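Numbering (our numbering), first residue to last: 3 to 246.
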């Protein structure tokens, strides 16, 4: 016969079994979330960052890794026409999943014509002139899954493997295209310092035509074409050789 103490112990044991079972057991048809994370570390080279992550996506799944800084128009007149903040893609790279991991490096700094280190939007701002931007103090590092086929087809493949894309990672473009994305935000200051100014490329001069007003020098002729002072034959001149 069970005593009251035995009944209490049995109820406690049953509660523990049920609570543990709810967190560990997966019911038939229940899908687990796909792992997709981002880790960003600064490298020894200024302006360069290593972006890596782990995932259980299929082998060779392509990911687009990008660094983005948001900008607001720092001009009251221009802000009236475009009050919504814009953004600048500082750098991007495409990687593939290999054995559950992926990794790449992004260089956020560019070299201006005067040799100063700047970000992409700073180079464009110099061309715009009257418009100036106020940058956000943070840079967002994004790892985006944009399959060549529709995302629904990839979700079907994942479902057959008992996985699904987490609801918090799936987003849509204004055109309705769905994609999955993970991110990490870091506070990164603007570039500082300078280096040797780069040499202008021909595709950047005169809209790609280069310095067309400069006539290139002709190569030296390897043959001696000087007119001989004396005739090289003793035959009498032909009528065609005389001026008419």
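A virtual CB, placed ideally from N, CA and C, is assigned to each residue, including glycine. Small disclaimer: the values here were computed from a predicted structure and weren't measured.
What are the start and end residues of the alpha helix (DSSP H) that includes residue i?
{"i": "residue 161", "result": "153-162"}
Taking only three categories from DSSP, how would you classify residue i?
{"i": "residue 125", "result": "helix"}
{"i": "residue 243", "result": "helix"}
{"i": "residue 219", "result": "coil"}
{"i": "residue 90", "result": "strand"}
{"i": "residue 139", "result": "coil"}
{"i": "residue 32", "result": "coil"}
{"i": "residue 97", "result": "strand"}
{"i": "residue 186", "result": "strand"}
{"i": "residue 37", "result": "coil"}
{"i": "residue 194", "result": "coil"}
{"i": "residue 236", "result": "coil"}
{"i": "residue 10", "result": "Reliability fails at residue 10, whose pLDDT of 46 lies under 50, so the model's placement of it is uncertain and no value is given."}
{"i": "residue 23", "result": "With a pLDDT of 43 at residue 23, under the threshold of 50, the modelled position of that residue is not reliable, and no figure is offered here."}
Spatial neighbours of residue i within its chain, please: C-beta separation below 6 Å, excluding the five flanking residues on both sides.
{"i": "residue 168", "result": "35"}
{"i": "residue 69", "result": "92, 93, 108, 110, 141, 143"}
{"i": "residue 87", "result": "72, 74"}
{"i": "residue 43", "result": "52"}
{"i": "residue 27", "result": "In this prediction, residue 27 scores a pLDDT of 44, lower than 50, which makes its location untrustworthy; the coordinate-derived value is nonetheless stated afterwards. Cβ within range, chain order: n/a, list empty."}
{"i": "residue 119", "result": "111, 193, 195"}
{"i": "residue 45", "result": "52"}
Under DSSP, the beta strand (DSSP E) around residue i begins and ends at which residues?
{"i": "residue 68", "result": "64-75"}
{"i": "residue 44", "result": "41-44"}
Within its chain, find whatever has a CB closer than 8 Å to the CB of residue i; leave out the 5 residues flanking it on each side and keep chain order.
{"i": "residue 173", "result": "180, 181, 182, 183"}
{"i": "residue 103", "result": "54, 55, 56, 57"}
{"i": "residue 248", "result": "Look at the range of the chain in this structure, 3 to 246, and you will see that residue 248 is not part of it."}
{"i": "residue 234", "result": "none"}
Could you pull the DSSP bridge partners for residue i from this structure?
{"i": "residue 181", "result": "173"}
{"i": "residue 104", "result": "55"}
{"i": "residue 228", "result": "The partner list for residue 228 (beta bridge, DSSP) is empty, contrary to what the question assumes."}
{"i": "residue 120", "result": "112"}
{"i": "residue 144", "result": "68, 185"}
Report all residues from its chain with a CB closer than 7 Å to the CB of residue i; omit the five preceding and five following residues, and keep chain order.
{"i": "residue 64", "result": "96, 98"}
{"i": "residue 117", "result": "196, 197, 198, 199"}
{"i": "residue 33", "result": "161, 164, 165, 166"}
{"i": "residue 148", "result": "66, 181"}
{"i": "residue 139", "result": "189"}
{"i": "residue 125", "result": "112, 114"}
Report whether the distance from the Cβ of residue i to the nearest heavy atom of the ligand HEM is below 8 Å.
{"i": "residue 65", "result": "What this structure holds is no ligand at all, so the ligand HEM is not there to describe."}
Inset, instruction - Evaluate the contact criterion for the stretch 146-157 versus the stretch 53-67: three or more CB pairs, one atom per stretch, below 8 Å. - result: yes
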